[in-house]
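For the sequence shown, the residue numbers in my numbering are 968 to 1369.
C-beta: ideal position from N, C-alpha, C; glycine also.
Notes to accompany the following structure.
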Amino acid sequence: MSSKVVTIGLGYIGLPTSALIANNKISVHGVDISQHVVDTINSGKIHIVEPDLDIAVAKAVKEGFLKADIQPIVADTYLIVVPTPFKGNHEPDISYVQAATEAIVPLLKEGDLYIIESTSPVGTTEKMQNFIFSKRPELKGHIFLAYCPERVLPGNVMYELVHNDRVIGGVDEASTAKALAFYGQFVKGELHATNARTAEMCKLTENASRDSQIAFANELSLICDKAGINVWELIQLANKHPRVNILQPGCGVGGHCIAVDPYFLTADFPMESRMIAQARETNNYKSFWCADKIREARKDFKLKNNREPTIALMGLAFKPNIDDLRESPAKYIVQRVLQDANDEEYFIAEPNIKEHNIFKLTDYQEAVEKADIVAFLVAHDEFKCLVINNSKIVLDFCGIKK
Ligand SMILES: NC(=O)C1=CN([C@@H]2O[C@H](COP(=O)(O)OP(=O)(O)OC[C@H]3O[C@@H](n4cnc5c(N)ncnc54)[C@H](O)[C@@H]3O)[C@@H](O)[C@H]2O)C=CC1
Ligand SMILES: CC(=O)N[C@@H]1[C@@H](OP(=O)(O)OP(=O)(O)OC[C@H]2O[C@@H](n3ccc(=O)[nH]c3=O)[C@H](O)[C@@H]2O)O[C@H](C(=O)O)[C@@H](O)[C@@H]1O
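The structure is reproduced here in structure tokens:
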């Protein structure tokens, strides 16, 4: 049983995890390189948006079980929850995991448990094991190392952290057993034991699988557009088959997970992961295609009406009903269509954010009223209730009217 946990990285995953552990009356020392993050948490507040997280953090800090700091301290369990982005060439960047590990190497002692939760390329846990033992050879055989990926869905993190099943893979059986006992203290979902490489691969598989399934839906949308078939109706009908379950097409795939993690496979296994790579390309191409459709609609309108149209671009977030713009296909489309246009021809609407440092935002109802062409990029709930005058041209890339 853990008496002291150090979590490294207090973001969307590290902070909720720290609060959950602390609220199970286990002392947590949360570490982040951002002084703002540390100060905010120590004042009992939060720096990210996630339902019920504020209550969990306030309680944990007030009761003295959660403290944030810039530096780690001696503990018996260390959790690595730092970002794992990709570099410009789509190669995984594990430098944050490396830096976080470096920071705790001097603190490690016999019997300690080291766990990586960050989404990582296959072999990362073994790489960190080798790194730790290169610095501290006397720890060989005396500490436990494991990988346990996080699967929570933003917006429902506090529930899923407790109730989701977890896949836990140690570098050896003793490490797996030790990590299972750790998570058993606060997870109610089932805990599945495996080895570290399989656990790493499992996380990448889950997100690559979803990416490929969305690519299939996006490919269908391209075929249907050419064939003059309503893709939303088609998918609804196909899904009436007992063994078919097609996902929804959209304007591309965004967020910092599904649009990123499959590259961790294509970078390391380029010859073996051609379908996964193709799915990434299909989903990226879909955003490009949507931008071109908007440009075409603009040209057609100009030819028919002898004037430039006004265009409403509806949504900037990477998926419905959130304010997160990371890797957002809608944002990419807006940037692309604005390249060859005058700002005054466009109204950009994103009901989940108040202002943006690059785009001038317009109220979504006003945008629709003023526009000749309305392009729906994100299926936000607000947009579904809009009544649109028949005189307007509607480009529905996300199934608003399905
Ligand atoms: N956000 C999500 O929905 C999910 C994320 N993941 C994975 O979890 C990992 C963490 O992601 P998020 O929490 O979303 O990232 P985030 O960007 O919200 O938070 C990471 C935090 O780590 C801090 N940090 C960076 N380097 C550090 C260091 N050397 N020492 C201490 N702190 C450091 C940053 O200042 C930041 O506050 C990533 O690998 C991500 O792919 C997995 C499942 C879901
Ligand atoms: C396999 C899986 O469902 N992974 C989840 C995913 O969270 P995320 O919010 O990124 O996933 P998402 O809701 O599928 O959205 C990703 C992107 O895909 C698009 N999307 C999604 C479903 C669909 O039918 N069509 C579609 O176009 C969304 O609009 C968005 O742009 O990635 C998370 C992560 O790994 O960080 C993971 O924890 C979550 O459980």
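Check, Outcome
"State the DSSP-derived secondary structure class of LYS971, mapped to helix, strand or coil.", "strand"
"VAL1004 and HIS1014: beta carbons closer than 9 Å?", "yes"
"Evaluate ARG1247 with the Cβ neighbour count: other Cβ atoms within 10 Å of its Cβ, from every protein chain shown; 16 or more gives buried, anything less gives exposed.", "buried"
"Would you check if the stretch 1210-1222 and the stretch 1244-1263 touch, i.e. whether three or more CB-CB distances between them fall below 8 Å?", "yes"
"Taking the continuous alpha helix (DSSP H) assigned at TYR1114, which residues delimit it?", "It is not in any alpha helix (DSSP H) - TYR1114 instead sits in the beta strand (DSSP E) that spans 1111-1114."
"Is any non-hydrogen atom of ligand 1 found closer than 8 Å to the C-beta of ASP1228, if you look at the structure I gave you?", "yes"
"Work out the CA separation of ALA1334 and PHE1326 for me, nearest whole Å.", "14 Å"
"How about ASP999: is its Cβ closer than 8 Å to a heavy atom in ligand 1?", "yes"
"Using only alpha-carbon positions, find the residue among GLN1038, GLY1151, ASN1162, GLU1312 that is nearest to PHE1268.", "GLU1312"
"Hey, how far is the Cα of LEU1033 from the Cα of THR1172?", "33 Å"
"Judging by CA-CA distance, which residue of THR1068, GLY1151, CYS1365, ARG1210 is the nearest neighbour of GLN1096?", "THR1068"
"Is the beta carbon of PRO983 within less than 8 Å of some heavy atom of ligand 2?", "no"
"Roughly how many angstroms lie between the CA atoms of PHE1350 and ILE1190, to the nearest whole one?", "26 Å"
"Quick one, are the C-beta atoms of LYS1359 and ALA1346 less than 9 Å apart?", "no"
"Using the Cα positions of GLN1180 and PRO1318, report the straight-line distance between them to the nearest angstrom.", "28 Å"
"How many angstroms separate the CA atom of ASN1272 from the CA atom of TRP1199?", "30 Å"
"LYS1253: which of ILE993, GLU1127, ALA1205, ALA1184 sits nearest, CA to CA?", "ALA1184"
"Which residue from ARG1303, LEU1187, ASP1192 puts its Cα closest to that of ASN1250?", "LEU1187"
"Taking just the CA atoms, how far does SER985 sit from GLU1030?", "14 Å"
"Counting along the chain, where does the beta strand (DSSP E) carrying ALA1035 start and finish?", "1033-1036"
"Do SER1142 and LEU1075 have their C-beta atoms closer together than 9 Å?", "no"
"Between CYS1257 and ligand 2, is the CB less than 8 Å from at least one heavy atom?", "no"
"Return yes when the Cβ of SER1085 is within less than 9 Å of the Cβ of GLY976, no when it is not.", "yes"
"What are the boundary residues of the alpha helix (DSSP H) that includes VAL1124?", "1124-1130"
"Identify whether TYR1252 lies in helix, strand or coil by the three-state DSSP scheme.", "helix"
"According to DSSP, is MET1238 helix, strand or coil?", "coil"
"Quick check on the burial criterion: 16 or more other C-beta atoms within 10 angstroms. Buried or exposed for GLU1140?", "exposed"
"Please report the Cβ distance between LEU1328 and ILE1340, rounded to the nearest whole angstrom; I am assuming they are in contact, meaning their Cβ atoms lie under 8 Å.", "18 Å between Cβ atoms; not a contact."
"Taking the alpha carbon of ARG1133 as the reference point, which residue from PHE1149, ASN1212, HIS1223, ARG1293 has its own alpha carbon closest?", "PHE1149"
"So is the beta-carbon of THR1092 under 8 Å away from any non-hydrogen atom of ligand 1?", "no"
"Quick one: give me the first and last residue of the alpha helix (DSSP H) that ILE1008 is part of.", "1002-1009"
"Please state whether the Cβ-Cβ distance between ASP1363 and PRO1287 is less than 9 Å.", "no"
"DSSP three-state call for ARG1177: helix, strand or coil?", "helix"
"Quick check: SER1087 and THR1051, are their CB atoms within less than 9 Å of each other?", "yes"
"What residue from PRO983, ILE993, ILE988, ILE1071 has the CA that sits closest to LYS1377's CA?", "Any answer about residue 1377 is impossible in this case: the structure gives the chain only from 968 up to 1369."
"Can you tell which of ALA1342, ARG1265, VAL1354, LYS1102 has the C-alpha that lies nearest to the C-alpha of GLN1065?", "LYS1102"
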